[in-house]
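First the structure, in the form of structure tokens, and then the observations on it.
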Amino acid sequence: MSLNHGVPVCELRGIQMRFSGPRGKVQRVLEDIRLDVRPEEILSIIGPNGSGKSTLLRILSGLLEPSQGEVRFHGERLEGLNPGVAMVFQSFAIYPWMTVEENVRVVLRARELPESEVRERAHQAIRKVGLEGFEEAFPRELSRGTKQRVGVARALAVDPEILVMDEPFSQVDALTAEALRAEILDIWADKERNPSAIVMVSQSIREALLMGDRVAVLSGSPGTLRTIVDVPLPRPRDSRSQEFMKLVDHLHDIITSAELPDVLVTAPVPSAASQEDQVEPLPMVQSADILGLLEFLETQIGASDLFLVASHTHVPFEKVITTVKAAEMLDLVDTPKRAVLLTPLGKRFVNANMDDRKDLWRAQLLELRLFRVVRDMMDLEDGELPKEALLQELATRLPMEDPEQTFETIVAWGRFGELFAYREERGVLTPE
Amino acid sequence: MIHRLLDTVWGQATNLLTAPIRHRRWIDLLVLAALVGTLAALWLVGHQWTSVQRPTVEISLSVWALPQYLLLSLIRAIAAYVISLAFTLVVAYWAAKDPRAERVLVPILDILQSVPLLAFLPGVLLLMLTLFPRSNIGLELSAILLLVTCQAWNMAFSFYQSLKTLPKDLEETAGLYGFTWLQKLRWLEIPFATPGLVWNSMVSVANSWFFLMSAEAFKAGDKNFQLPGVGSYMYTAVEQGNARAQVYAILTMLALVVLLDQLVWRPVVAWSQRFQVDENAEVDPGDNWLLRFMRRSRLLRWLEVKRNQRLHQRRPRPVLLRRAEEGFKRPGRLGPWFATSAMVGMLALLALGGLSVVRLLADVSPSQWLHLLKAGGASLSRVLLSTFLATLWTLPVGLWIGMSPKWSRRLQSVVQVAAAFPSSLIFASLILVFQGLGIGLGASCVLLMVLSTQWYLLFNIIAGAQTIPADLREASRAYRLSLWRRCWTLYFPAVFPFLVTGWVTATGGAWNASIITEIVTAKHQTLRTFGLGAEVVMATDQGSMPHLAASALLMAGIVVLFNRLVWGPLYRLAETRYALNR
Numbered sequence: 026m027s028l029n030h031g032v033p034v035c036e037l038r039g040i041q042m043r044f045s046g047p048r049g050k051v052q053r054v055l056e057d058i059r060l061d062v063r064p065e066e067i068l069s070i071i072g073p074n075g076s077g078k079s080t081l082l083r084i085l086s087g088l089l090e091p092s093q094g095e096v097r098f099h100g101e102r103l104e105g106l107n108p109g110v111a112m113v114f115q116s117f118a119i120y121p122w123m124t125v126e127e128n129v130r131v132v133l134r135a136r137e138l139p140e141s142e143v144r145e146r147a148h149q150a151i152r153k154v155g156l157e158g159f160e161e162a163f164p165r166e167l168s169r170g171t172k173q174r175v176g177v178a179r180a181l182a183v184d185p186e187i188l189v190m191d192e193p194f195s196q197v198d199a200l201t202a203e204a205l206r207a208e209i210l211d212i213w214a215d216k217e218r219n220p221s222a223i224v225m226v227s228q229s230i231r232e233a234l235l236m237g238d239r240v241a242v243l244s245g246s247p248g249t250l251r252t253i254v255d256v257p258l259p260r261p262r263d264s265r266s267q268e269f270m271k272l273v274d275h276l277h278d279i280i281t282s283a284e285l286p287d288v289l290v291t292a293p294v295p296s297a298a299s300q301e302d303q304v305e306p307l308p309m310v311q312s313a314d315i316l317g318l319l320e321f322l323e324t325q326i327g328a329s330d331l332f333l334v335a336s337h338t339h340v341p342f343e344k345v346i347t348t349v350k351a352a353e354m355l356d357l358v359d360t361p362k363r364a365v366l367l368t369p370l371g372k373r374f375v376n377a378n379m380d381d382r383k384d385l386w387r388a389q390l391l392e393l394r395l396f397r398v399v400r401d402m403m404d405l406e407d408g409e410l411p412k413e414a415l416l417q418e419l420a421t422r423l424p425m426e427d428p429e430q431t432f433e434t435i436v437a438w439g440r441f442g443e444l445f446a447y448r449e450e451r452g453v454l455t456p457e
Numbered sequence: 062m063i064h065r066l067l068d069t070v071w072g073q074a075t076n077l078l079t080a081p082i083r084h085r086r087w088i089d090l091l092v093l094a095a096l097v098g099t100l101a102a103l104w105l106v107g108h109q110w111t112s113v114q115r116p117t118v119e120i121s122l123s124v125w126a127l128p129q130y131l132l133l134s135l136i137r138a139i140a141a142y143v144i145s146l147a148f149t150l151v152v153a154y155w156a157a158k159d160p161r162a163e164r165v166l167v168p169i170l171d172i173l174q175s176v177p178l179l180a181f182l183p184g185v186l187l188l189m190l191t192l193f194p195r196s197n198i199g200l201e202l203s204a205i206l207l208l209v210t211c212q213a214w215n216m217a218f219s220f221y222q223s224l225k226t227l228p229k230d231l232e233e234t235a236g237l238y239g240f241t242w243l244q245k246l247r248w249l250e251i252p253f254a255t256p257g258l259v260w261n262s263m264v265s266v267a268n269s270w271f272f273l274m275s276a277e278a279f280k281a282g283d284k285n286f287q288l289p290g291v292g293s294y295m296y297t298a299v300e301q302g303n304a305r306a307q308v309y310a311i312l313t314m315l316a317l318v319v320l321l322d323q324l325v326w327r328p329v330v331a332w333s334q335r336f337q338v339d340e341n342a343e344v345d346p347g348d349n350w351l352l353r354f355m356r357r358s359r360l361l362r363w364l365e366v367k368r369n370q371r372l373h374q375r376r377p378r379p380v381l382l383r384r385a386e387e388g389f390k391r392p393g394r395l396g397p398w399f400a401t402s403a404m405v406g407m408l409a410l411l412a413l414g415g416l417s418v419v420r421l422l423a424d425v426s427p428s429q430w431l432h433l434l435k436a437g438g439a440s441l442s443r444v445l446l447s448t449f450l451a452t453l454w455t456l457p458v459g460l461w462i463g464m465s466p467k468w469s470r471r472l473q474s475v476v477q478v479a480a481a482f483p484s485s486l487i488f489a490s491l492i493l494v495f496q497g498l499g500i501g502l503g504a505s506c507v508l509l510m511v512l513s514t515q516w517y518l519l520f521n522i523i524a525g526a527q528t529i530p531a532d533l534r535e536a537s538r539a540y541r542l543s544l545w546r547r548c549w550t551l552y553f554p555a556v557f558p559f560l561v562t563g564w565v566t567a568t569g570g571a572w573n574a575s576i577i578t579e580i581v582t583a584k585h586q587t588l589r590t591f592g593l594g595a596e597v598v599m600a601t602d603q604g605s606m607p608h609l610a611a612s613a614l615l616m617a618g619i620v621v622l623f624n625r626l627v628w629g630p631l632y633r634l635a636e637t638r639y640a641l642n643r
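Residue numbers (our numbering), protein chains in the order written: chain A, 26 to 457; chain B, 62 to 643.
In structure tokens:
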């Protein structure tokens, strides 16, 4: 077990990230992140969609420059690319027109190494990930798992001090992912060579705990660093051991309390909009997903647990959370702690026929301020509300959200409740 | 390199390498013969170009002169292609990387690739003639430049679009691993752009055959300018009414198009498939005999080994290149300075050109404008009528071919060759035939437009029909929709986006055709009908620059307006409502 007391390899200090979106709107992605990458450690990063995990990695590697704050590499402020970082991409990002070998060699050639060293190091990296015999193959001939091996070999070839991985196993099948994880751990455990540290963004709590010495939990939009959990378990780790399960539970609780607080806290909206202009941000969920959730709860006699829902329905945890959030907004479910319960209204809804469901849905929508605003705007515009007008309204009322996405959700929910219709070709909302 | 690449493209490497191959020797002999032939051809061209001034060239109508003419025409097209490619790499790269240049260049490229270039050829030629003394090389250069103007725009536009749509993750790797701009261009950007560039190269070269006759044989006022080539051969044959020579020229051209298709485009397209990023994209390289053949040659393999050895003995890189690279890499140095001066130069040129055109147009009277507008209306109605007629037959036939895998395999290459054959070459001959049948020139024009543009439509409709998902077809059969209903509920909507693309290219081609067909000199007589194309040609004949500029600009204006007002909205409709992949 490593003792992580060394001086950090890389430090993130007060990182803020803003993107200016269309219409000159500024979107805040990361808020005041302070995080160290220590030598000899694996740091996992988890968090829901939109919490800026990938952005954080790109700032760490120097691909993006933070709007505020600084990245330090061995104590020195980073200008431009991080010299110690190599990255493994979620989508592999290997060049389809080059063979496996050329894909690895090309990054070494970019470093102006002599050709003999290029060949030698490429060969070693390829051997390390077990791709010998595949040197002459083109990516299109390879499975997803093998492609990601090429991605790993390419990253290892440049001998990085920090190996950065952006959801590296989310696009390969479960078995291959298991094997790749073990191999990465083996490579990392070989202390003779780099990488010294691994930073990995993950979608699954289990994966984050299997790999990481520490797990950083990001939450919300914009992303903030919620907490960092130490994982003091020896490797190899058994995901069925009691200690492991306890950590899984612990992380679940952290995420749940961050995403679905028992006390309803309205998101702070730091904008010119006054208090009464505030509307609730909509979780980007299809009505069919909410229906599915309710139907599932009905089969569980009206009560379940967030993580049971995720594991039973094979829906990613992040999506379950957003769906539950949406259902809660409509008063169809209640979420004390990690439990998910059908409310009496939710029960009536599930048992109703389609017409009654739509009536209930419509009534619940009009409980939301946002939909009342849409309805009022439509009345003002004589029953034909142009998309552009609503987008502008959304941009001022929900400065943190992407108006296009919110608009799509509004349309989807409104259509299901027969509250209004949207004519795409003319771009207008009309009352049903 | 070449071998490995060919092998893996086909995925048959081991297969072929282990197979006993006995006929390697004669293959090498053939490769050698081809090399010698190329050298001889180059010598011939050098001889022709450097020979002393020959203001008028006598074109021999003998069959035996044809191979030589063919070669000269081919070299002209190749030279133009090389220039176009260089232009593409420089200008499109500039437009993609410099936002200021982008704002100026992209609209220009977009307009240039859509207007009927034939209307501008006479103007450019007259300009070139005043620039160059009347020597062979001057005429040659102007012909090549003309061919460049009909090749470069769509290639540049395609390269620009590829640069702009480079997948984000690939681009990030280049940043992460510290590629220089040159390395990024070589390893990332050019490979990614290759499939699009190859496709547009095919279109461009086919285009240059279409314009060949206008580039090689040209009449301004009482002066006749001719360069030895297939285009001028045909021109002379038509003028003298020599039917046999016309047939020879047509057969030669057909042979050239087929040969290019087999020897150049098919292997190149098959090879370019390896640069396809989208693995699900339709890959149908088919079986290519030339690739198989080349792979067997021991000579080529030896050359390739030599080349690899040379490549891997790393030389120190030229200092100049390295400096230039560093200059571009470091912000605030050479790069921006260079871009700014280039920008200023371009704007100055544009201003100058605009000014001279305005000065020319001042001489055109309102009544002349009215006359030209009427002529434009006449030509527009012919263009639309011809597109309508072509749609009538290509829609059912294209659907039928596209939905039958067997026939689309067989016929696609035929259609491709037919589309590449320059119909402009046979316009004059056909007009004479039509006249013999008692069809007026106005009607003949429409027929010839159909003839030259129907292939674009057919091609696109076949491609569209091939994308109709099998499940939708099965569903419509399972619910027993009648053929008529199936057409209206599935087939027509599904091919609609492709149909719109076809219409845009077809009308573009028809406008070009209007210039060649509305006025024809054949058998020592001149036939003409009322139309904007005829106005362009007559203005050139009379050497009246204001008239020429007015009619050419009017034609471009009609096309651009039509694109914006009609095809643009249709495109959007196709993208939002009838796109199958959303």
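Here a beta-carbon is modelled for each residue, glycine too, at the ideal position from N, C-alpha and C.
Cβ neighbours of residue 542 (chain B) within its own chain (closer than 7 Å, five residues either side excluded): 550. The distance from the Cβ of residue 76 (chain A) to that of residue 245 (chain A) is about 6 Å, consistent with a contact at the 8 Å cut-off. Remark: C-beta atoms of residue 206 (chain A) and residue 235 (chain A) approach each other more closely than 9 Å.
The way I'd put it, the segment 546 to 562 of chain B doesn't touch the segment 479 to 488 of chain B; fewer than three beta-carbon pairs between them come closer than 8 Å. Taken in chain order, the members of the segment 248 to 262 of chain B whose beta-carbon sits within less than 9 Å of a beta-carbon on chain A are 248, 249, 252, 253, 255. Residue state for residue 255 (chain A) is assigned as strand, using DSSP reduced to three classes. Identification of chain B residues near residue 64 (chain A) by a Cβ-Cβ cut-off of 8 Å yields none; the smallest Cβ-Cβ distance measures about 21 Å. In the DSSP annotation of this structure, residue 275 (chain B) is not part of any beta strand (DSSP E); the continuous alpha helix (DSSP H) holding it starts and ends at 251 to 277. Within the segment 443 to 454 of chain A, those residues whose Cβ lies closer than 9 Å to any Cβ of chain B are, in chain order, 449, 450.
Beta-bridge analysis with DSSP links residue 359 (chain A) to A:366. For residue 445 (chain A), the uninterrupted beta strand (DSSP E) run begins and ends at 445 to 448, by DSSP.
In the structure shown, residue 553 (chain B) falls within a helical segment according to DSSP collapsed to helix, strand and coil.
Taking each of B:604, B:557, B:306, B:312 in turn and checking the Cα distance to residue 528 (chain B), the smallest one comes out for B:557. Residue 223 (chain A) is positioned such that its CB atom lies closer than 9 Å to that of residue 66 (chain A). In the DSSP assignment, residue 71 (chain A) falls within the unbroken beta strand (DSSP E) covering 67 to 71.
Interface with chain A (9 Å Cβ-Cβ cutoff): residue 238 (chain B) is included. Classified as exposed, residue 100 (chain A) has fewer than 16 neighbouring CB atoms from the shown chains inside 10 Å of its CB. A Cβ of chain B is located within less than 9 Å of the beta carbon of residue 116 (chain A). Residue 226 (chain B) counts as exposed, since fewer than 16 other beta carbons sit within 10 angstroms of its beta carbon. The segment 284 to 295 of chain B and the segment 149 to 166 of chain B do not touch, with fewer than three beta-carbon pairs separated by less than 8 Å. Partner residues in the beta bridge of residue 188 (chain A), as assigned by DSSP, are A:111, A:223. Rounded to whole angstroms, the separation of the alpha carbons of residue 335 (chain A) and residue 341 (chain A) is 6 Å. Only residues of its own chain outside the window of five on either side were considered, and among them 455, 456, 459, 460, 463, 556, 559, 560, 563 have a CB closer than 7 Å to the CB of residue 522 (chain B), listed in chain order. Burial check for residue 401 (chain B): the Cβ neighbour count within 10 Å stays below 16, so the residue is exposed. Counting along the chain, residue 469 (chain B) sits inside the alpha helix (DSSP H) bounded by residues 466 to 481. Within chain A, the residues placing a beta-carbon under 8 Å from that of residue 231 (chain B) are 118, 120, ordered along the chain. If you check the CB distance, residue 252 (chain A) and residue 212 (chain A) do not come in under 9 Å. Between residue 187 (chain B) and the set B:600, B:537, B:324, B:501, the nearest pair of CA atoms involves B:600. For residue 110 (chain A), the nearest beta carbon of chain B is closer than 9 Å to its own beta carbon. When DSSP assignments are scanned along the segment 154 to 221 of chain A, the uninterrupted stretches of alpha helix (DSSP H) that are 4 or more residues long and fall wholly within it turn out to be 169 to 182, 199 to 214. Contacts between residue 103 (chain A) and chain B, judged by CB atoms closer than 9 Å, are missing: the closest CB pair is about 14 Å apart. Shown here for residue 398 (chain A): same chain residues with a beta carbon closer than 8 Å to its own, the five before and five after excluded, namely 304, 418, 422 in chain order. Chain B places no beta carbon closer than 9 Å to that of residue 34 (chain A), leaving this residue out of the contacts. The beta carbon of residue 310 (chain B) sits closer than 8 Å to those of 127, 291, 294, 295, 298, 486, all from its chain and outside the five residues before and after it, given in chain order. Residue 476 (chain B) and residue 516 (chain B) have their C-alpha atoms some 7 Å from each other.
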